[in-house]
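Q:
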Amino acid sequence: MDTERQIEELSETCLTNLRDNGRRMSIEAMHALYELRQNHLLCDALIRTEDGEIFPVHRPILSACSSFFRAIFTTKIHDSPETDIALPGVHSALFSLILDYAYLRKVKITDDTVCQLLVTADYLCVVGVLRACCEYLVKILSPYNCIGIMLFAREYFCQKLEADARIFIMRRFVDVSRYSEEILHLPANELTDILGADELNVKTEEVAWECVLRWIDFDPENRRCHVVPLMKNVRLGLLDTQFFLENVKDHPYVSGNDCCRPLIIDTLKFLYDLEMITQKDGEIPTPEIARPRLPHEVLFAIGGWSGGTPTNFMETYDTRADRWVKVDEVDPTGPRAYHGTAVVGFNIYVIGGFDGMDYFNSVRCFNAVSKTWKEVAPMNARRCYVSVAVIGDTVYAMGGYDGHHRQNTAEKYCYRTNQWTLIAPMNAQRSDASATTLNKKIYITGGFNGQECMNTAEYYDPDTNQWTLIANMRSRRSGVSCIAYHGFVYVVGGFNGISRMCSGEKYDPATDTWQPIPDMYNPRSNFAIEVIDDMLFTIGGFNGVTTIYHVECYDDRSNEWYEATDMNIYRSALSACVIMGLPNVYDYIHKHRERLMEEKRLKLLALETARTQQSAHVVAAAAGVNEEEEDEEGNDLILPNNVNLNFNLQVPQDEEDAEQDVAPGSL
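Counting from 1, position 128 in the sequence shown corresponds to residue 407 in this note's numbering; the numbering is continuous, with no gaps.
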């Protein structure tokens with residue numbers, strides 16, 4: 280067996296050497312041919328460009344990279360090497376770049392030459408250069424040039440480039456609509472097509488309407504006649520009522536056009552129905568003018584602690600519809616809580632955690648496009664209550680609890696090599712802390728060190744592999760969540776050793792200071808946090824009595840918290856992450872968008888019923904009537920069949936135990 284293995288290893292080594300030698304010889308041969316051409320040696324054809332310059336070439340070399348030259352050189356007309364082959368419309372500088380590619384398989388592309396070079400490559404059928412130009416244009420896409428690049432790509436049938444430019448327009452439409460001069464020169468049908476797309480990434484329809492006005496204002500005499508078809512592609516029913524009345528209904532382009540009247544009437548009727556929704560009888564459909572667009576970002580909430588046990592339940596949040604959607608493709612290996620998640624590309628890495636029995640060093644990877652799970656390399660240490668962050672495409676895992684000790688160790692993961700590597704340890708042991716990335720540095724805040732909840736924080740610089748302590752937080756926080764948001768590190772919630780908190784604070788790296796922010800509506804610890812749709816979301820958690828499913832969001836522009844739709848199940852110790860630009864986003868959003876109005880009506884009716892019952896309970900209690908209390912644990916919740924909740928549980932002996940409070944959700 281040893282001999283066979285040695286033979287196999289020797290054979291593999293020989294093949295590798297042959298491949299390397301082959302590549303080296305191929306490169307050397309290309310350079311030798313290039314030198315022959317430069318010295319006019321062994322050339323068998325002459326190419327004359329538009330500006331009169333003549334290039335001696337080797338027919339096989341050009342034929343190998345261009346079907347255009349292959350067709351020319353295989354006809355009898357151009358048999359003689361003395362015959363000039365004229366290329367009308369091709370400039371010598373551009374043809375010189377084409378020759379560089381033909382002989383060396385590399386080409387220098389700049390902003391000044393890329394468009395002309397693409398046209399030349401298209402004319403000469405040099406697919407390699409054409410592809411390189413398209414890739415270059417994708418890299419330089421910006422709100423200022425994306426429309427021009429899309430139209431340019433369409434003219435030369437570069438379908439992938441056109442699709443990429445269109446995707447860019449959809450994703451960055453807010454900036455495109457405000458700053459692009461190219462959008463002002465679009466034909467009406469092109470703008471109508473863009474505004475009508477479900478993929479248009481606008482948080483509010485005000486952006487779409489303001490784009491319509493900007494486009495018409497550029498040439499009002501000739502464009503105001505297009506207001507009706509453009510209006511039809513703005514989701515008017517999603518506009519704020521006051522904005523619609525003041526900025527749409529009464530705008531001169533609209534009020535002075537009788538053809539707009541049916542649209543205005545339909546929208547007013549819908550907005551009235553929206554105000555009186557609970558008084559309507561029968562099902563209320565969602566009209567086209569109020570159908571939400573597709574979200575550009577999708578928030579995933581994974582695992583956690585629910586109903587006294589860990590869960591592998593997974594759901595996504597559709598920001599445009601304000602709905603949570605159950606995901607069927609849960610991790611088949613079982614549940615996990617007190618874990619971390621990280622996103623690289625379309626992959627979600629679920630890191631460490633606890634399943635009621637074991638403390639994990641394992642890492643699972645979910646691909647959101649293929650919807651498949653796989654195991655990747657384990658961490659060097661078991662980490663429950665782990666803190667996770669990402670810089671670029673490198674994943675970092677810090678601190679945590681291994682069942683025996685709180686840790687100050689940290690490590691990083693490279694998906695290309697599928698390896699974890701230890702980095703410098705933190706200045707303090709931290710379990711149940713929280714980490715985020717800001718300005719290419721990792722900030723980690725709070726946590727529990729085995730004796731007390733912590734108010735310290737520090738950051739890691741990957742360039743120096745060093746941790747540096749920063750100013751202490753205003754409050755001690757374990758089970759805390761932190762996130763980078765608009766240039767600050769936001770820290771909210773957590774446990775201070777006495778109670779769960781609804782307070783928050785933000786850190787300014789420029790001044791090394793912490794400032795308070797408004798309180799959340801709900802106190803919570805061990806919850807998830809993410810930024811999506813330019814707002815900070817807090818999700819689930821433990822309020823000191825029970826696990827919760829409440830979600831709220833914070834907008835720093837208004838400096839206020841708002842309630843969002845609750846999750847499908849009560850849970851704490853979950854982790855959340857956001858993926859942008861999913862090609863299969865439809866798989867993770869609320870499917871029945873035509874039923875959103877009816878769902879809202881039923882929800883409001885249920886809330887009214889609940890308030891009525893609560894009032895009745897208060898009256899009955901005042902009258903001395905004893906009634907059974909409802910279970911606050913959510914035990915009537917029906918979980919999906921594929922969610923594994925059957926375990927003999929051992930509560931993780933860490934923060935919750937130290938706080939005289941067993942694992943969240945197990946009360």
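Glycine included, each C-beta is placed from N, C-alpha and C at the ideal position.
According to DSSP, which residues form a beta bridge with V629?
A: According to DSSP, V629 bridges with T620, R643.
Q: Which runs of the beta strand (DSSP E) fall wholly inside the segment 507-586 and span at least 3 residues, in chain order?
A: 576-585
Q: If you count every other CB in all the chains shown that lies within 10 Å of the CB of M636, and 16 or more means buried, which is it?
A: exposed
Q: Under a three-way DSSP split, which group does G860 fall into?
A: Annotated three-state conformation of G860 is coil, per DSSP.
Q: What residue range does the beta strand (DSSP E) around E784 cover?
A: Note, E784: beta strand (DSSP E), 783-787.
Q: Who pairs with Y638 in a beta bridge, going by DSSP?
A: F633
Q: Does DSSP put C663 in a helix, a strand or coil?
A: In the structure shown, the three-state DSSP call for C663 is strand.
Q: List the endpoints of the continuous alpha helix (DSSP H) containing L396.
A: Residues 393-403.
Q: How many angstroms separate the CA atom of Y738 from the CA atom of W652?
A: 32 Å
Q: When DSSP builds the beta bridges, which residues end up paired with V486?
A: Beta-bridge pairing links V486 to no other residue.
Q: With 16 other CB atoms within 10 Å as the buried threshold, where does P499 fall?
A: exposed
Q: For P704, which three-state DSSP category applies?
A: coil
Q: Evaluate G783 with the Cβ neighbour count: other Cβ atoms within 10 Å of its Cβ, from every protein chain shown; 16 or more gives buried, anything less gives exposed.
A: G783 comes out buried.
Q: In angstroms, rounded to a whole number, what distance separates the CA positions of V604 and H618?
A: 21 Å
Q: Sort out for me which residues DSSP pairs Y596 with in a bridge.
A: L578, W603
Q: Among M752, Y867, V386, which has the Cα closest to the Cα of V606?
A: Y867
Q: Assuming N744 contacts A703 under a Cβ cut-off of 8 Å, what Cβ separation, rounded to an integer in Å, is found between them?
A: 5 Å
Q: Can you give me the C-alpha to C-alpha distance between F645 and Q395, rounded to a whole angstrom?
A: 43 Å
Q: Which one or two residues does DSSP pair with I326 in a beta bridge?
A: F334, I364
Q: Given a cut-off of 8 Å on the beta-carbon distance, is the pair V665 and Y692 in contact?
A: no
Q: Under a three-way DSSP split, which group does L341 fall into?
A: helix
Q: Distance, Cα to Cα, F352 vs P574?
A: 53 Å
Q: Cβ of L409 within 8 Å of Cβ of F447?
A: no
Q: When the distance is taken between beta carbons, is L416 closer than 8 Å to V393?
A: Contact flag set, yes.
Q: Suppose the cutoff is 6 Å on Cβ atoms and the five residues either side in sequence are ignored; what does the same chain contact list for P508 look like?
A: So the qualifying residues of the chain are T471.
Q: Hey, quick one: how far does the alpha helix (DSSP H) through L465 stretch, first residue to last?
A: For L465, no alpha helix (DSSP H) segment is defined, and its DSSP state is neither H nor E.
Q: What residue does the beta strand (DSSP E) around F806 start on, and which one ends it?
A: F806 -> no beta strand (DSSP E), and no H or E assigned at all.
Q: In terms of DSSP beta bridges, what is P589 paired with?
A: W584
Q: What is the DSSP secondary structure of Y800, counted as helix, strand or coil?
A: coil
Q: Could you have a look at H319 and say whether DSSP puts it in helix, strand or coil?
A: coil
Q: Express the C-alpha separation of M780 and T546 in angstroms, rounding to a whole number.
A: 43 Å
Q: Per DSSP, S851 forms a beta bridge with which residues?
A: W584
Q: Of the choices E831, L542, D813, whose alpha-carbon is the least far from that of T483?
A: D813
Q: For K719, does the three-state DSSP call read helix, strand or coil?
A: In this structure, K719 counts as coil in the three-state DSSP scheme.
Q: So which of T620, L378, L479 has the shortest CA-CA distance to L853?
A: T620
Q: Classify S534: buried if its beta carbon has 16 or more other beta carbons within 10 angstroms, exposed otherwise.
A: By the neighbour-count rule (16 or more Cβ atoms within 10 Å), S534 is not buried but exposed.
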